[in-house]
Every structure is written in C-alpha cells, then in structure tokens.
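Residue numbers (the numbering used here): -1 to 498. Note sheet for the following structure.
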C-alpha cells in the first residue's frame, strides 16, 4: 500500500469537502423552506426520520464493521482480506437492506397514518423503501474508502452525489404539483437517483482497486461478532430516536395549537436551526471518520502512548473549535436566521440551541475515539439509555411546556450522554482529564459571550487571545499545529505519529 498523508491532512480534506457539501445542502434547505414552507419541511423531516430508522436497520452496523475490519486487515498487510471483508459486509447488508426496504413499501400506508399521523407521507415512504438497499450498500463502501485512505475518491463521489441530488430535486420540484406530498416525493426521488449513481461509481472503483478476495481468511464470524451488537444497539437507539421525533409534533399540538402549527415549529427547529447548528461540525465529523480506523490500527499494534497523545490533542482541538462555533452562532443567531430564512422564530431557537454545540461536538469526537478503541458496545448502551430518557422526558414535558420542554429534554439527555462517554474515554485510555484546561476554557467562553454582545465580530479573536493569556492554549500547542500544517503543505507522507 502507498503511504498516506497525516491524519490531520485527511481530516482537512474531508472537512473542506464536507463544508462545501453542507453549505450547498444548507442553501438547498433555504430554497426548500421558501418552496414548501415550514410545515412542508416538517412533513419531509418526519418522512426522513422514518427513512433513517429503516436505513439503520438495513445497514445493521455494517458500516462501522467494514471500516474497523478493513483497517485491521490493512494494519496486518492482508490486502486480499480487505476484499473478503467487503464481500461479507455487502452480502450481510444487502439482505438486511432488502428486508427493510420491502417493509417500507408494504407498510407505507400504515406508517403514514399510525406513526406520522398524515396520509400524505405514504408515497414518499414507498420511494424511500425502493432506494433503501442501494443506500445501505453505499454506507458499507464508504466505510471501506475511509479505512483504506482513499479520501480523494470518496470526496469526489460524495460531492457528485450531493450536487446531482440537488439538481435532480430542483428539476423534479418544478414539475411537481399537489402540495407537500408531491414535493416530498420529488425530494426523495432526486436523492435516491443520485444515490444509485454514487453506488455505481464506488462499486466500479472497488472492483478496479482490490485483488480477488481470499476465501480462506476467516471473516464472517468476526463480522457478526462486531456487527450484531452494533446492529441491536443501533436498532433500539434509532427506534427510540424515531419515536422521539414522531412525538414532538403531537406533543406540541397537545400543548396548544393546530397540527399544522406543530409541524411548522418542528420544521423550524429540525429543518432550519439544526442544519445551521451542525454545519460547522464538518471538520469534527471528518476527524471522527478517520479516528476509528486509525485508532483501531494503533490498538492492534498496542501503541498506548500514541493513543493517549491522540486522544488529548483531539479533545483540546475539538473543545476550542466547539466553543468558537457556539459563541459565534449564539451571538449572530438573530441576524443570521433573518438573512438566511427570513424567520425571527428560527433566530430565537438558534440562540437557545447554539451553546449546546460545545457538548454536542465533543460527544461526536468522544464516540469516534471509543469506537476506534473497540468500545462500540458501551457507546450503544449509553445511547440507548439516554434515548429512553429522552422519550420519557418528551412524553412528560411536551404537553406541559411545549417547545421549552423539548429544549430542556434535548439539552439534558445530550449532556448526560457526553458525560458518560467522556468518563469511559478517560478510564479506557488512562489519559488524565485536563481539568485546568476545561475550567479556563469555560471562563474565557463565558466572559466573551457576556461582554461582546454588542460587538459579536470580536468574539473569535478575543476568545483566542484569552486562551493564550490564561495558557489554556500554550506555545507547545501552537508549535504542534505549525508542525502539522508545515508537514501538510510539504505533502510529507508520514504516519499519525507526525500529527500527535
């Protein structure tokens, strides 16, 4: 295998691509909000929530399994074993995906009426079921491309898929007539056709780049031992998450107001605010995708010191980045929502959810590290536990407090999830909790948010200066960052040791 650039370089590449794609997706969301309205976005979000549950059942842990096992085979230099892993994972995923897709097609009317409470969703659910097996196979192949370091190819395919999806959807929406139901069909159809093109491209590259699989390499038992616990946990968690999403519009309507108003509020939060909240996380999501195979290789090689160093760097970098994003979005919430969505309501919600970015982003990084260290089962247990609490909280709080109840429930369960994951991470790696760093970071963040409400554009530079003055960020950190960037520009082909 050829040498690969540093993991930091790969993360930058993925992050740049993700930012571009998420930027296009957010602009597309703006277009959709003006085309179908907040209630239409709410209906679409409920359809996609059901589709997300079906996709989870169809993938059944195969993506993370393929990523992890491919990384192990590459770490042991068994190239023919990679093909064997892909062969087993795609067969397993295709069976599960076809069953899940058939369930959506056959049960579309029941799901629309009894789950979503709106018959208009049935046609969109059927289309989701039709394209579901292809989406499941794409998920498995994405895991392989990430584990093997074929980042450029993955970025190109995903960028093409996103662009094709937007273009096809816009064309289909222009010819759609029939209100929100027709618009939802057009959106699902455009996305599904683009997914088929992406699957064809990834399949062709895999066939061209991999040698013939070695049937003697034992893979099936390893795959099932990893994927089945992941699948079970993902099913339960996704089922609970889907239940929570379906409860929100009903709970809001029980608090007061019509079902259309409840759909509009749900659409404003999940269709307008959350895309903005998660937009800056592209770098962290790219880092998480690269952490899983990298840490699995380090774990196989028993390099504990490098694991601790990588964990510490990722935590500090993620924490500073999350605080900057949280502060900027909180301070700029009202003008940003007005400029993007022409909605004062979205600005109010964005200002409330923005501070939660800190533990939302850090939870993503922490989960990625734990999965790379083989702690998938703990992550599943933790997510199931907090999902049960979320459903219970929504049942209790939504009819009484409305949107305020949802905000409280969302924030409390996500914070608890992060605290549990972080405690497991420090215990597993033996890396000491940087308590002083956390205290200094919190004080600097709070001071900047309180003092710079009238000059929000000064938040980032003032915050960074305070971190330097309090030595939350040290010269050693700056030297490390400069070294990483220098190596990245020079194109040095090094291992992850250069990045930690």
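Built from N, CA and C at the ideal position, the CB exists for glycine as well. Note that the coordinates shown come from a computational prediction; the quantities given were computed from them, not determined experimentally.
Residue nearest to residue i in terms of C-alpha spacing, selected from the options
i, options, result
"residue 62", "91, 324, 277 and 389", "91"
"residue 332", "475, 350 and 318", "350"
"residue 453", "233, 341, 184 and 325", "325"
"residue 71", "186, 418 and 80", "80"
"residue 51", "24, 113 and 402", "113"
"residue 248", "64, 34, 389 and 58", "389"
"residue 133", "183, 147 and 193", "193"
"residue 153", "309, 115, 165 and 196", "196"
"residue 461", "442, 468, 474 and 436", "442"
Own chain residues within Cβ distance below 7 Å of residue i, not counting five before or after
i, result
"residue 413", "357"
"residue 320", "355, 356, 359 and 360"
Range of the contiguous alpha helix (DSSP H) that encloses residue i
i, result
"residue 349", "342 to 351"
"residue 328", "302 to 329"
"residue 79", "77 to 104"
"residue 233", "218 to 253"
"residue 172", "149 to 172"
"residue 542", "In the structure displayed, the chain extends from -1 to 498; residue 542 sits before or after that span and is not available."
"residue 357", "355 to 370"
C-alpha distance - residue i paired with residue j, whole-angstrom precision
i, j, result
"residue 406", "residue 237", "21 Å"
"residue 29", "residue 470", "42 Å"
"residue 299", "residue 472", "31 Å"
"residue 19", "residue 158", "10 Å"
"residue 297", "residue 282", "21 Å"
"residue 492", "residue 262", "A caution first: residue 492 carries a pLDDT of 32, below 50, which makes its placement in the model unreliable, though a value can still be read off. Rounded to the nearest angstrom, the two C-alpha atoms are 50 Å apart."
"residue 294", "residue 97", "31 Å"
"residue 141", "residue 253", "43 Å"
"residue 208", "residue 77", "8 Å"
"residue 334", "residue 144", "34 Å"
"residue 31", "residue 459", "34 Å"
"residue 57", "residue 94", "7 Å"
"residue 178", "residue 42", "8 Å"
"residue 64", "residue 251", "42 Å"
Cβ pair residue i, residue j closer than 8 Å
i, j, result
"residue 40", "residue 269", "yes"
"residue 186", "residue 244", "no"
"residue 135", "residue 103", "no"
"residue 38", "residue 181", "yes"
"residue 225", "residue 60", "yes"
"residue 22", "residue 220", "no"
"residue 266", "residue 175", "no"
"residue 465", "residue 274", "no"
Spatial neighbours of residue i in its chain, beta-carbon cut-off 8 Å, leaving aside the 5 residues before and after
i, result
"residue 457", "322, 325, 326, 329, 446, 447 and 450"
Close Cβ partners of residue i (< 6 Å) along its chain, the five nearest in sequence each way excluded
i, result
"residue 378", "231"
"residue 279", "359"
"residue 120", "106, 107 and 110"
"residue 487", "Model confidence at residue 487 stands at a pLDDT of 42, short of 50, so the residue's coordinates are unreliable and nothing is read from them."
"residue 372", "none"
"residue -1", "Its pLDDT being 37, under 50, residue -1 is placed unreliably in this model, and the value from its coordinates should be taken loosely. Cβ neighbours of residue -1 beyond the five flanking positions: none."
"residue 163", "188, 189 and 192"
"residue 384", "411, 414 and 415"
"residue 139", "200"
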